[in-house]
Amino acid sequence: QILISNGAELNAKDQDGITPLMWASSYGYSDIVKMLIVNGADVNAKDSHGYTALLFASGYGYLNVAGMLIDKGADVNVRGNDNNTPYSLAKKAKNHELAILLKNRGAVIKDSEGAR
């Protein structure tokens, strides 16, 4: 919060294009995710592999974080450069609760090749 109060760039990217929101999402730090979102972090920013915070949260199975991101407009049908979607990553992680959340929030249910 101190960094934000002093003008830190919320959407700054590291050498791989990863933003603070993506890092927080990949570790399930829901308090930090919430703080970043409230202060204007871009929920649909992409890293160098086309991954967003929601793709990270889905891949690691963080239901609460994924829900917050979706509530703030994260694209539930985004595809990484590897063609994975939040839904496909949730299924690979065997996180059925997250897969249901994504489906209920509009995720198109297809595999990485586009088949239903």
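Following this note's numbering, the residues of the sequence shown are numbered contiguously, the last one being 369. Glycine included, every Cβ here is placed at the ideal spot set by N, Cα and C.
9 Å Cβ cutoff met for alanine 225 and leucine 274: Here the chain has residues from 254 to 369 only, and residue 225 is not among them.
CB contact flag (aspartate 300, isoleucine 271, <9 Å): Against a cut-off of 9 Å, the Cβ pair of isoleucine 271 and aspartate 300 comes out as a contact.
Beta-carbon proximity check, lysine 345 vs isoleucine 290, cutoff 9 Å: Judged by their CB atoms, lysine 345 and isoleucine 290 are not nearer to each other than the 9 Å cut-off.
Chain D contact for valine 291 (CB, 9 Å cutoff): The structure shown contains no chain D; it holds only a single protein chain.
Short Cβ contact (9 Å threshold) for serine 278 with alanine 310: yes
For leucine 274, the first and last residue of its enclosing alpha helix (DSSP H): Per DSSP, leucine 274 belongs to the alpha helix (DSSP H) from 273 to 280.
Which of helix, strand or coil DSSP assigns to leucine 263: coil
Separation of glycine 281 from asparagine 357, as counted between CA atoms: 21 Å
Euclidean distance between Cα positions of leucine 308 and valine 361: For leucine 308 and valine 361, the distance between alpha carbons rounds to 14 Å.
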